[in-house]
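What follows is a single structure, written as structure tokens, with notes after it.
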Amino acid sequence: MKAIRGATTVENDTEKEIDSAVKQLLYNIENVNKLNREDIICILFSNTTDLKSCYPAKAARKAGFISCALYSSAEPEISGALPKCIRVMVLADIKSAPRHVYLNEAANLRKDLTKKFNIAVDGPAGSGKSTISKIVSEKLNILYLDTGAMYRACALACLKKGIDCADGAAVKTALEKCKITVEYENGAQKTMVDGKDVSDEIRTPEVSMAASAVSSHEWVRKTMVELQRKIAAGRSCILDGRDVGTNVLPDAEYKFFLTASPEERSRRRLKENEAKGYAQTFEEVLAEITERDENDSNRKFAPLIKAADAVEVVTDGMTVEEVVNYIIDKLQGTI
Ligand code: DC
0 MKAIRGATTV ENDTEKEIDS AVKQLLYNIE NVNKLNREDI ICILFSNTTD
50 LKSCYPAKAA RKAGFISCAL YSSAEPEISG ALPKCIRVMV LADIKSAPRH
100 VYLNEAANLR KDLTKKFNIA VDGPAGSGKS TISKIVSEKL NILYLDTGAM
150 YRACALACLK KGIDCADGAA VKTALEKCKI TVEYENGAQK TMVDGKDVSD
200 EIRTPEVSMA ASAVSSHEWV RKTMVELQRK IAAGRSCILD GRDVGTNVLP
250 DAEYKFFLTA SPEERSRRRL KENEAKGYAQ TFEEVLAEIT ERDENDSNRK
300 FAPLIKAADA VEVVTDGMTV EEVVNYIIDK LQGTI
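Numbering that gives the first Met the number 0 numbers the first residue of the sequence shown as 0 and each following residue consecutively.
Pasting the structure below:
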């Protein structure tokens, strides 16, 4: 049997926040320790006395931890202690070394255990980067940044102004007058142009092609990369794109390069586009993917290229779950 420690904090003493914080903490502990729920013998919580709206044990029960023994108690009031904090000890039947989890403000309690790390995921269009990176970010409770969405937002802004996306000078003039930003709502990225959420509007085939053109200009890349580094600074995160491992975060601790054959990528993109209601044939998608591969790989500034230290994952025939598990396995034991 092993004892796994963890802690988290909430901003407000509400049942909703405590439920969500406890769920996130326990799911993280399960994920990083590869626990089966039946292996958990008991879960012991303590919380600071400024949390009065519900017992963490009740929140754990609501989150589905129903077969193990649960216990909550209040801690003594210690001056200077981290406020609104929930601590946990999970006793589980596992053989491997326990991996402790400290989230939110509680991450500062154990800096030795909460080392900051970056994951770079690059690859061509349709290789599954965004889907995979998003799931990995949820499993590890780290920030996810889809850098392609930022180039898409630039492209949308230019298209709306009737700018030729191949004309670097015109693109620069147009983009200097607008504000591309990224916000997060419940962990989900919202990509904004001049304060308007364009997260859905940037997913059309027209914007895909325009993004490939817009992203080839040096000024656009410099501006977006600066913003991407700012968003990633000082926290653990996973970024996906074309040049994350080679240019945006060349010192990222973990780098992956996802690929698949153009046919496989086109099949995936066609399925996605059909679900969104865009009428395209397989041949059209394949032609679009081939043209984007060509643009993205042969442009002068930061082209799509596998970083020398990236792990290549050829995803033909692999399910999303298989790719996610492969990546998590590679990270396991080293994070
Ligand atoms: O990943 P995506 O399809 O959303 O990216 C849209 C375009 O943006 C893609 O054709 C190339 C470009 N891009 C880039 O140049 N660098 C990145 N880091 C991400 C995307």
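By construction, the Cβ of each residue, glycine as well, lies at the ideal position given by its N, Cα and C atoms.
Legend entry - Assigned exposure category for Y183 - 16 Cβ within 10 Å defines buried: For this step, residue 183 is matched to residue 184 along the sequence shown. That one is exposed.
Legend entry - Any non-hydrogen atom of the ligand DC within 7 Å of A148 CB: Mapped onto the sequence shown, residue 148 falls at position 149. Yes, the Cβ of A148 comes within 7 Å of a heavy atom of the ligand DC.
Inset, instruction - Please find out if some non-hydrogen atom of the ligand DC comes closer than 7 Å to the beta-carbon of S207. - result: Indexing the sequence shown from 1 puts residue 207 at position 208. For the ligand DC, at least one heavy atom lies less than 7 Å from the Cβ of S207.
Legend entry - Residue span of the beta strand (DSSP E) that contains V352, given as start and end: Residue coverage of the chain in this structure runs from 0 to 334, which leaves residue 352 outside it and unanswerable.
Inset, instruction - Return yes when at least one heavy atom of the ligand DC lies under 7 Å from the C-beta of D328, else no. - result: As a position in the sequence shown, residue 328 is number 329, starting the count at 1. No; taking the cut-off as 7 Å, the Cβ of D328 has no heavy atom of the ligand DC nearer than that.
Legend entry - Inter-stretch contact at 8 Å, needing at least 3 Cβ pairs: the segment 285-302 / the segment 146-166: no
Legend entry - Coil, strand or helix - N35 by DSSP: Taking the first residue of the sequence shown as 1, we reach residue 35 at position 36. Note: N35 maps to coil in three-state DSSP.
Inset, instruction - Examine the Cβ distances between the segment 2-11 and the segment 59-78 and report whether three or more of them are shorter than 8 Å. - result: The segment 2-11 vs the segment 59-78: no contact.
Legend entry - Endpoints, beta strand (DSSP E) assigned at A68: Taking the sequence shown and counting its residues from 1, one reaches residue 68 at position 69. A68 -> beta strand (DSSP E) spans 68-73.
Inset, instruction - Kindly provide the ranges of any alpha helix (DSSP H) runs that are 4 or more residues long and lie completely inside the segment 217-287, ordered along the chain. - result: 217-231, 261-275
Inset, instruction - Would you check if the distance between the CB atom of S129 and the CB atom of D199 is smaller than 8 Å? - result: Against the sequence shown, residue 129 aligns to sequence position 130. Against the sequence shown, residue 199 aligns to sequence position 200. Contact flag unset, no.
Inset, instruction - Output yes or no for whether 8 Å exceeds the beta carbon distance between C236 and L142. - result: Your numbering for residue 236 matches position 237 in the sequence shown. Your numbering for residue 142 matches position 143 in the sequence shown. A Cβ-Cβ contact shorter than 8 Å links C236 with L142.
Inset, instruction - Give a single yes or no on whether A343 has its beta carbon closer than 7 Å to a heavy atom of the ligand DC. - result: An answer regarding residue 343 cannot be provided, because it is not within the stretch 0 to 334 covered by the chain.
Inset, instruction - Enumerate in chain order the residues of its own chain whose CB-to-CB distance from N11 is below 7 Å, with the five nearest sequence positions on each side excluded. - result: Start at 1 with the first residue of the sequence shown, and residue 11 comes out as number 12. Excluding sequence neighbours, N11 sits near nothing in its chain.
Legend entry - Range covered by the beta strand (DSSP E) that runs through G151: Looking up residue 151 in the sequence shown gives position 152. According to the sequence shown, residue 151 is Arg rather than Gly. Looking at the DSSP string, R151 is not in any beta strand (DSSP E); the run it does join, the alpha helix (DSSP H), is 146-159.
Inset, instruction - Keeping to the same chain, check which residues put their C-beta closer than 7 Å to that of S132; ignore five residues upstream and five downstream. - result: Position 133 of the sequence shown, counted from the first residue, corresponds to residue 132. Hits under 7 Å: V120, Y143, I237, D239.
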